[in-house]
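*Asks:* In the working numbering, the protein residues as written are 1081 to 1291. Virtual Cβ for every residue (Gly too), placed ideally from N, Cα, C. All of these numbers come straight from a predicted model, not from anything done at the bench.
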Ligand code: ADP
Ligand code: 5GP
């Protein structure tokens, strides 16, 4: 019993996938169904897309500002992805987890690896597109990126897929409903771990007189 006792912590749900696979679509569904989720808002040096709001999708920073923060230890992880910098603010994330909030991270494979090495808990999910052709269609169909950007993202996809073997779970996002059911099942199962039951552990200690 003693070994299973922990301070309260939220669950880190880390989701990586080649750009255009459907990560944001899956994440939106999950946070609609489970309203308590917090989203880790990353910093990036890329320009906002139409409809993106500073502080909601990302904190949009200049390169100099990003690098200054990186030097000062502001990021829990950071990486260069498709020619831009991206990073997860450390303090904001730690505060949410300490409050017991479950936090979704939409980050690339390099960043996910850093979090896995430094934090030691969390659930790491890799989402695959069903094929290269479908990924290209989704990137084009989304209508947010130039042909040059799409070509760069497709090249990056291969590197991400090559480094996907260490994730805890793999989901193939072919049929969206099937993929979502799998993501949902992973989340629900993950929440049954003793680590996420700090309050219940106090209850059973009182109920059963366990020191
Ligand atoms: P990501 O966040 O991984 O870059 P998005 O969630 O923006 O990807 O999805 C890219 C495009 O693919 C969007 O237009 C989205 O509506 C579409 N999409 C996502 N999942 C599926 C799916 N299973 N089948 C068909 N289209 C999908
Ligand atoms: P996009 O420009 O399409 O929003 O994101 C491009 C890639 O950067 C995606 O693979 C996304 O998961 C990743 N990304 C977004 N935020 C972060 C972050 O904070 N850290 C890392 N390492 N990758 C990120």
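1) Tell me the DSSP secondary structure of residue 1221 in three-state form.
2) So residue 1251 and residue 1234 are supposed to be a Cβ contact under 8 Å. How far apart are they, rounded?
3) State the start and end residues of the unbroken alpha helix (DSSP H) segment that holds residue 1089.
4) Could you please give the first and the last residue of the uninterrupted beta strand (DSSP E) stretch that includes residue 1251?
5) Pull the bridge partners of residue 1184 from the DSSP assignment, please.
6) Considering residue 1172, what are the terminal residues of the beta strand (DSSP E) in which it resides?
7) Just how far apart, CA to CA, sit residue 1081 and residue 1128?
8) Enumerated in chain order, which unbroken segments of the beta strand (DSSP E) with a length of 3 residues or greater are wholly contained in the region 1238-1283?
9) Using only alpha-carbon positions, find the residue among 1154, 1177, 1237, 1184 that is nearest to residue 1105.
10) Beta carbon of residue 1238: closer than 7 Å to some heavy atom of ligand 1?
11) At which residues does the alpha helix (DSSP H) containing residue 1189 begin and terminate?
12) Tell me whether residue 1093, by its Cβ, gets closer than 7 Å to a heavy atom of ligand 1.
13) Which first and last residues belong to the alpha helix (DSSP H) in which residue 1107 is found?
14) Have a look at the DSSP bridge pairing and note the partners of residue 1155.
15) Hey, residue 1292 and residue 1208: beta-carbon distance below 8 Å or not?
16) Let me know if residue 1094 comes out buried or exposed under the rule of 16 or more other beta-carbons within 10 Å of its beta-carbon.
17) Examine ligand 1 and report whether any of its heavy atoms sits within less than 7 Å of the Cβ of residue 1234.
18) Among 1088, 1281, 1276, which residue has its Cα nearest to the Cα of residue 1178?
*Replies:* Working from what's here:
1) Taking the first residue of the chain shown as position 1, residue 1221 is located at position 141. Looking at residue 1221 - three-state DSSP - the assignment turns out to be helix.
2) As a position in the chain shown, residue 1251 is number 171, starting the count at 1. As a position in the chain shown, residue 1234 is number 154, starting the count at 1. So it is not a contact: roughly 20 Å between Cβ atoms.
3) Indexing the chain shown from 1 puts residue 1089 at position 9. Neither: residue 1089 is in no alpha helix (DSSP H) and is coded neither H nor E.
4) Against the chain shown, residue 1251 aligns to sequence position 171. First-last of the beta strand (DSSP E) with residue 1251: 1249-1252.
5) If you number the chain shown from 1, residue 1184 lands on position 104. Bridge partners of residue 1184: 1093, 1119.
6) Start at 1 with the first residue of the chain shown, and residue 1172 comes out as number 92. Counting along the chain, residue 1172 falls outside any beta strand (DSSP E), though it belongs to the alpha helix (DSSP H) covering 1170-1178.
7) The residue labelled residue 1081 in the question sits at position 1 within the chain shown. The residue labelled residue 1128 in the question sits at position 48 within the chain shown. Residue confidence is low: residue 1081 scores 45 on pLDDT, short of 50, so the model does not pin down where it sits. Its coordinate-derived value is still stated next. Between residue 1081 and residue 1128, the C-alpha separation is close to 49 Å.
8) 1249-1252
9) For the purposes of this step, residue 1105 is taken as the residue at position 25 of the chain shown. Of 1154, 1177, 1237, 1184, the residue nearest in Cα terms is 1184.
10) In the chain shown, counting from the first residue as 1, residue 1238 sits at position 158. Result no, Cβ not under 7 Å from ligand 1.
11) Within the chain shown, numbered from 1, the residue matching residue 1189 stands at position 109. First-last of the alpha helix (DSSP H) with residue 1189: 1189-1199.
12) Within the chain shown, residue 1093 is the residue found at index 13, counting from 1. Outside the cutoff, so no.
13) Locating residue 1107 in the chain shown gives position 27, where the first residue counts as 1. Residue 1107 -> alpha helix (DSSP H) spans 1103-1113.
14) Along the chain shown, one-based indexing puts residue 1155 at 75. For residue 1155, which the question treats as bridged, DSSP gives the partners 1169.
15) In the structure as shown, the chain starts at 1081 and stops at 1291, and residue 1292 therefore has no counterpart that could be examined.
16) On the chain shown, residue 1094 is found 14 positions in, with the first residue counted as 1. Classification for residue 1094: buried.
17) Locating residue 1234 in the chain shown gives position 154, counting from the first residue. Answer for residue 1234: no, Cβ out of range of ligand 1.
18) As a working note, residue 1178 is residue 98 in the chain shown. The option with the nearest alpha carbon to residue 1178 is 1088.
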